[in-house]
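6 is the number of the first residue of the sequence shown in our numbering; add one for each residue after it.
For every residue, glycine included, the Cβ atom is placed at its ideal position computed from N, Cα and C.
Note that the structure is a prediction, hence the values are computed from the model and not measured.
Here's the structure we're looking at; comments come further down.
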Amino acid sequence: MINIALPKGRLGNKVYNLFEKIGYESAEMKEDNRKLIFENEEKNIRFLLVKPSDVGVYVEKGSADIGVVGRDILLEENPDVYELMDLGFGKCKFSIAGPVDFKENFDRPLVVATKYLNVAKNYFDSINRDVELIKLNGSIEIAPILGLSDVIMDIVETGTTLKENNLKVLTNIEDISARFVANKSSYRFKNKKIEEIVNKIKEIL
Ligand code: PRP
């Protein structure tokens, strides 16, 4: 049995469609239900629907043999997994964004709201900028509007959320896309099956 961790939500749907195209489908996935585990007994695979930010943990610990996760999560969580393939979708950027009329005050630490504390710390350390980081779990764009932070560090896909909240990108830091990852020991012991899946996906990408 190969356990596959899929991120719930937009990225997960795209990834599931890929698996469906290579013949690894599960009829139950298409049903309107709240199940989190779906099997295809004939193909000997099982899909696990998990929070996007948890995919790395499931794969690192071996609860899932393989999974798909955004590079943003890999950079933030740094799980001990093999990164086998860039799927080339789920593209976005890590960016610093702030109010359209933002003027930085270099006399004090910059206050940054983000979901990605580690990525933010590494970035601002790399440019030697003192910061106060504020961890939020979503709707980050609200923080500078309310004066909770000066700027945000977040992923930007279409830029619509920024635009509709009167914010703009100040600096682009890094390109992000979906990555196919594998548990290190699964990659060794279930290599044939995992490579078969990787190759089939490569063929249709
Ligand atoms: C992400 C991200 C931005 C938005 C960017 O949030 O944190 O808020 O998408 O997308 P856009 O550039 O296409 O507008 P998500 O939708 O995952 O929700 P969240 O606020 O709960 O993190």
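The ligand PRP heavy atom lying under 7 Å from the CB of residue i
i, result
"ILE145", "yes"
"GLY164", "yes"
"ASP159", "yes"
Cβ shell of residue i (< 8 Å), same chain only, five flanking positions each side left out
i, result
"ILE42", "ARG51, PHE52, LEU53, LEU54"
"VAL117", "ILE101, ALA125, PHE129, VAL136, GLU137, LEU138, ILE139, SER154, ASP155, VAL156, ILE157, MET158"
"ALA148", "ALA118, ILE139, LEU141, SER154, ILE157"
"VAL20", "LEU11, PRO12, VAL73, LEU92, ALA183"
"LYS48", "GLY28, TYR29"
"GLY143", "LYS120"
Reduced DSSP category for residue i - H, G, I as helix; E, B as strand; rest coil
i, result
"ASN45", "strand"
"LYS173", "strand"
"GLY75", "strand"
"ILE139", "strand"
"LEU16", "helix"
"LEU11", "strand"
"PHE94", "coil"
"ALA69", "coil"
"LEU80", "helix"
"ILE27", "coil"
"LEU115", "strand"
Contacting residues, own chain, Cβ-Cβ under 7 Å from residue i (five flanking each side not counted)
i, result
"GLU162", "CYS97"
"SER182", "ARG76, ASP91, LEU92, GLY93, PHE94, GLY95, LYS96"
"ASN175", "The sequence given here places Leu at residue 175; Asn does not occur at that position. For LEU175, where only same-chain residues beyond five positions count, the Cβ hits under 7 Å are ILE101, ALA102, GLY103, PHE107, VAL156."
"TYR192", "TYR87, ILE199"
Beta-ladder partner(s) of residue i, from DSSP
i, result
"ILE101", "MET158, THR176"
"TYR87", "ALA187"
"ARG193", "According to DSSP, ARG193 bridges with nothing at all."
"ILE202", "Bridge partners of ILE202: none, in fact."
"PHE52", "ILE9, PHE43"
"ILE181", "CYS97"
Sequence-distant residues of its chain with Cβ nearer than 6 Å to residue i (five each side left out)
i, result
"VAL60", "ALA10, PRO12, GLY72, VAL74"
"GLY67", "ASN188"
"GLU65", "PRO84, ASP85, VAL86"
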